[in-house]
Amino acid sequence: MSKYQVNEQGFYGEFGGAFIPELLYPNIEELKENYLAIEKSESFQNEFQQLLKDYVGRPTPLFLAQRLSEKYGAEIWLKREDLCHTGAHKVNNTIGQILLAQRLGKKRIIAETGAGQHGVATATVCALKGLDCIVYMGEKDIERQAPNVARMKMLGATVKPATSGSKTLKDATNEAMRDWINNPEDTHYIIGSVVGPHPYPDMVARYQSVISQEIKNQMDGLPDYVIACVGGGSNAMGAFYHFLDDPSVKLVGVEAAGLGIHTDKTAATLNLGTPGVLHASRSIMMQDKDGQVIEPHSISAGLDYPGIGPAHAWLKVSERAQYMAVTDEDALKAAVECSRLEGIIPALETAHAFSVLKDLDLKSTDRVVINLSGRGDKDMNTYMNELNLK
18 MSKYQVNEQG
28 FYGEFGGAFI
38 PELLYPNIEE
48 LKENYLAIEK
58 SESFQNEFQQ
68 LLKDYVGRPT
78 PLFLAQRLSE
88 KYGAEIWLKR
98 EDLCHTGAHK
108 VNNTIGQILL
118 AQRLGKKRII
128 AETGAGQHGV
138 ATATVCALKG
148 LDCIVYMGEK
158 DIERQAPNVA
168 RMKMLGATVK
178 PATSGSKTLK
188 DATNEAMRDW
198 INNPEDTHYI
208 IGSVVGPHPY
218 PDMVARYQSV
228 ISQEIKNQMD
238 GLPDYVIACV
248 GGGSNAMGAF
258 YHFLDDPSVK
268 LVGVEAAGLG
278 IHTDKTAATL
288 NLGTPGVLHA
298 SRSIMMQDKD
308 GQVIEPHSIS
318 AGLDYPGIGP
328 AHAWLKVSER
338 AQYMAVTDED
348 ALKAAVECSR
358 LEGIIPALET
368 AHAFSVLKDL
378 DLKSTDRVVI
388 NLSGRGDKDM
398 NTYMNELNLK
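The opening residue of the sequence shown carries number 18 in the working numbering; numbering runs sequentially from there.
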C-alpha cells in the first residue's frame, strides 16, 4: 500500500483518526464498516460512473492554455472542473456520498458549505434522488455567496445560518456536526472536503480521484507539476491522488494567505499552523498557545478554514507536496489574468492556484496542470466590488 494513503487505523502518518463524541460512534462505525465494500460493488460503480458521465458531464477537458503558456514559458494545462454540472468539482463527491447514503438507508442529508459550491452540489443530488436536504452555512458566507444560496433554495434545500464565531465555514461545520449528533438514525452528513473523522478524508478523496485518473488518461506521459488550491483540500487531493507514487510529479498546494502570512488575517494553515484536533481528526490547524482556534481570513469563502485535511498535513510533513500561500490581492490579479488571457473566469479559490505560476522556476519543457476547480459566477459580486467592475 502507498505510504501516502490512509492506513487501517484511519491515519496518514501521524494525522487523521476519528476523535468523535460517543453519540456519533455508531454512525462512524457504520461508515467504516461499509464504505469500501459499497464503493467497490458493481451496482455502485455502474451508477456512479453513469452519473459522472451523463449528469456531471465527465470526463472534463484537459485544455492547453496557450496564452498563459506563452507568458510563463512552459506548457500550462487546465483541468476544467469548472465545466462540471453545478460549476465545480464538488459534485463528484456528493454523487458518491448520496449513492452511499441510499445504500445505508438514510433519508435525510445534511451538509456544511463555505463558498456554497458544496451546498449547491449537495442540494442538486438530493433533488435528483428525492431526499431531504439541510445545508449549514456561515452567516457571513450567506451574504457574500448570495447566488449560491438562491440556487440551493431553488433546488429545495433548507439553508440554515451559522451565527456563532466567525460565521464562516468552521462554524457551519460545527452546526452540521451538532445536527448529526441529534439525528443519528436517519441522517447522513455529506462532508464536502477531505476533513473530519475517518473514513471521510479517504472516502472524499476516492470520489474526487476521478480528476487525477482523467488527467493520467488525457496526457501522454506524466506532468511535471500538478497545482491546486487548498482549503480543506478536496480538489487538490483529487488532482494529486493518482500521482502520489510518481515522485517525478511535483505536487503544489496553494493556500490563502489573506492579507499576508505575517498578519492576523490569513488562512495559510500549513504555512503557519501546528498539530491539533479539529472537527474530529488530528491534523495541522491555526491555533494559539492555549489550543484555541485562530479565526482565519480569506477573500474566498471556500479557503476560509483554520484546518486542513490530514492527508495534506502528511504530504507536507513527509515533503511529498509543497504548499505555497497567495494573498487576496494576488489572487484577484491572477483571476483577471486568467479571464483576459484565456477567456475563463475562475472561482476566487481557483485563482489562488494560478497566482503561483510567477513564483515557480519553470522550464520551457515543463508541463504544468492546474486544477481549475470552479467557475467564477458565484464570485462576481466580490469581483465587482474589488475590481471596480460596476
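The C-beta atom is built at its ideal place from N, Cα and C for all residues, glycine as well. Predicted model, so just to flag it, every value in this text is computed and none were measured.
- The residues Gly104 and Pro164, in chain order, have a CB closer than 7 Å to that of Asp394 in the same chain once the five nearest residues on each side in sequence are set aside.
- Gln162 carries a coil assignment under DSSP once its states are collapsed to helix, strand and coil.
- Judged by pairs of C-beta atoms under 8 Å, the segment 52–61 does not touch the segment 225–238, as fewer than three such pairs exist.
- Under the 10 Å beta carbon count, Thr291 is surrounded by fewer than 16 other beta carbons and is classified as exposed.
- Looking from the CA of Asn191, the closest CA among Gly213, Leu172 and Pro201 belongs to Gly213.
- Taking the Cα positions, Ile93 is about 12 Å away from Cys355.
- Using a Cβ distance threshold of 8 Å, Ala179 and Tyr153 count as a contacting pair.
- Annotated three-state conformation of Met154 is strand, per DSSP.
- Between Pro201 and Gly27, the CB-CB gap reaches or exceeds 8 Å.
- Of the other Cβ atoms in all chains shown, fewer than 16 fall within 10 Å of the Cβ of Tyr42; this residue is therefore exposed.
- Between Gly391 and Glu98, the C-beta gap is smaller than 8 Å, which places the two residues in contact.
- In this structure, DSSP gives Pro218 a helical state, which the three-state scheme calls helix.
- By the beta-carbon neighbour count (other beta carbons within 10 angstroms, threshold 16), Ser19 is exposed.
- The beta carbon of Ile278 sits closer than 8 Å to those of Ala285, Asn288, Leu289 and Ala342, all from its chain and outside the five residues before and after it, given in chain order.
- For Phe80, DSSP records a beta bridge to Leu95.
- Under the three-state reduction of DSSP output, Val211 falls in the coil class, being neither helix nor strand.
- Judged by their CB atoms, Leu320 and Gly248 are nearer to each other than the 8 Å cut-off.
- Here the alpha carbon of Val386 sits roughly 26 Å from the alpha carbon of Ile301.
- A Cβ-Cβ separation of about 5 Å places Asp347 in contact with Ser372 under the 8 Å criterion.
- Less than 8 Å divides the Cβ of Gly74 from the Cβ of Leu100.
- The three-state reading of DSSP puts Asn24 in coil, since its state is none of H, G, I, E or B.
- The Cβ-Cβ distance between Leu186 and Glu129 falls below 8 Å.
- When DSSP states are grouped into helix, strand and coil, Thr190 belongs to the helix group.
- In the DSSP assignment, Gln304 is bridged to Val310.
- Selection Arg357, Phe36 and Asn24 evaluated against Arg299 yields Phe36 as nearest (Cα-Cα).
- Ala273 is bridged by DSSP to Ala284 and Val343.
- When the Cα atoms are used, Asp196 and Asn234 turn out to be separated by approximately 41 Å.
- Here the alpha carbon of Asn110 sits roughly 6 Å from the alpha carbon of Val221.
- The Cβ-Cβ distance between Leu48 and Ile232 does not fall below 8 Å.
- Look at Leu406 here: in three-state DSSP terms it is coil, with no helix or strand label.
- Counting only residues of its own chain and dropping the five nearest sequence neighbours on each side, Ser181 has a CB closer than 6 Å to the CB of Asp188.
- DSSP places Ala245 inside the beta strand (DSSP E), whose first and last residues are Tyr242 to Cys246.
- For Val142, the enclosing alpha helix (DSSP H) has its first and last residue at Gln134 to Lys146.
- Looking at the DSSP output, Lys124 shares a beta bridge with no other residue.
- Per the DSSP secondary-structure output, Leu295 pairs in a beta bridge with Ser298.
- DSSP places Gly33 within a strand segment (E or B) once states are collapsed to three.
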